[in-house]
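Data first, discussion second: the structure below is written as structure tokens.
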Amino acid sequence: MVMTICTIDVHARDVVAKMIAHKVENSQAFVWLSQLRHRWDEKDKHCFSNICDVMFLYSYEYLGNTP
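Structure below.
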């Protein structure tokens, strides 16, 4: 669990640093769009994954933390 938290935090730090370096100013910038984003759709009662201009229905799979 600690390894997962560290990995997520380091990744988030790197993504934010990259967006700052590229001077991202809006949600249409490729640096932002190229990040995998998850959102809950209240109407459909499902979670979706978005990246660039593609939207996938999240299938609730769990892969676990691999070594």
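Take the position in the sequence shown, starting the count at 1, then add 361; the result is the number in my numbering. Glycine residues also receive a C-beta, built at the ideal position from the N, C-alpha and C atoms.
- Task: Let me know the secondary structure DSSP gives MET380 once reduced to three states.
- Result: It is helical.
Whole angstroms are fine: how far does the CA of TRP393 sit from the CA of GLU386? Rounded to the nearest angstrom, the two C-alpha atoms are 10 Å apart.
Exercise for review: Can you give me the start and stop residues for the beta strand (DSSP E) that LEU424 sits inside?
Suggested key: Careful: LEU424 lies outside any beta strand (DSSP E) and carries neither H nor E.
message: Contact defined as beta carbons within less than 8 Å: I believe ILE412 pairs with SER388. What is the distance between those atoms, to the nearest angstrom?
response: Rounded, the Cβ-Cβ distance is 13 Å, inconsistent with contact.
Considering only residues of the same chain and omitting the five flanking positions on each side of HIS407, which have a CB-CB separation below 8 Å? Closer than 8 Å at Cβ, skipping near neighbours: TRP401, LEU418 and TYR419.
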